[in-house]
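With the first letter of the sequence shown counted as 1, position 72 gets the number 72 in full-length UniProt numbering; the numbers rise by one all the way through.
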Amino acid sequence: MKLKGMVNMALISLFIIAAGYNVYRSQKNINFTDLAKENIEALANSEGGTRHTLDCGGAGIKACSATCNKCNVTLTVYGNGKSATLTCYQ
1 MKLKGMVNMA LISLFIIAAG YNVYRSQKNI NFTDLAKENI EALANSEGGT
51 RHTLDCGGAG IKACSATCNK CNVTLTVYGN GKSATLTCYQ
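This is how it looks when you write it as structure tokens:
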């Protein structure tokens, strides 16, 4: 009886090790399609951008806003001593 339990435990362990190795191996082999490569390059090329920094410092509650000229997005910051950055990529 004890031998049968050890054999079962060895088979279960072997199965778990084989499954873990297959998961590890499948994660290492990542093949990107041409479209995915083009998307990655497009994202990397737009790292620079128009950057607006808003700083609402001082006493009292204020509202500051800035609009990006390229993408027409407006960032608004409310409150004391808050700052935020709006970066537009086009």
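Think of the CB as a built atom: it goes at the ideal place given N, C-alpha and C, for glycine as much as any other residue.
Computed from a predicted model, the values in this text were never measured in an experiment.
| Check | Outcome |
| --- | --- |
| Report all residues from its chain with a CB closer than 6 Å to the CB of residue 78; omit the five preceding and five following residues, and keep chain order. | 63 |
| Tell me whether residue 9, by its Cβ, gets closer than 8 Å to a heavy atom of the ligand NAD. | Among the components modelled here there is no ligand, and therefore nothing to report on the ligand NAD. |
| Report all residues from its chain with a CB closer than 6 Å to the CB of residue 65; omit the five preceding and five following residues, and keep chain order. | 74, 76 |
| For residue 77, which three-state DSSP category applies? | strand |
| If we ignore side chains and look at the alpha-carbon of each, how far apart do residue 36 and residue 20 end up? | 28 Å |
| First and last residue of the beta strand (DSSP E) that includes residue 67? | 63-67 |
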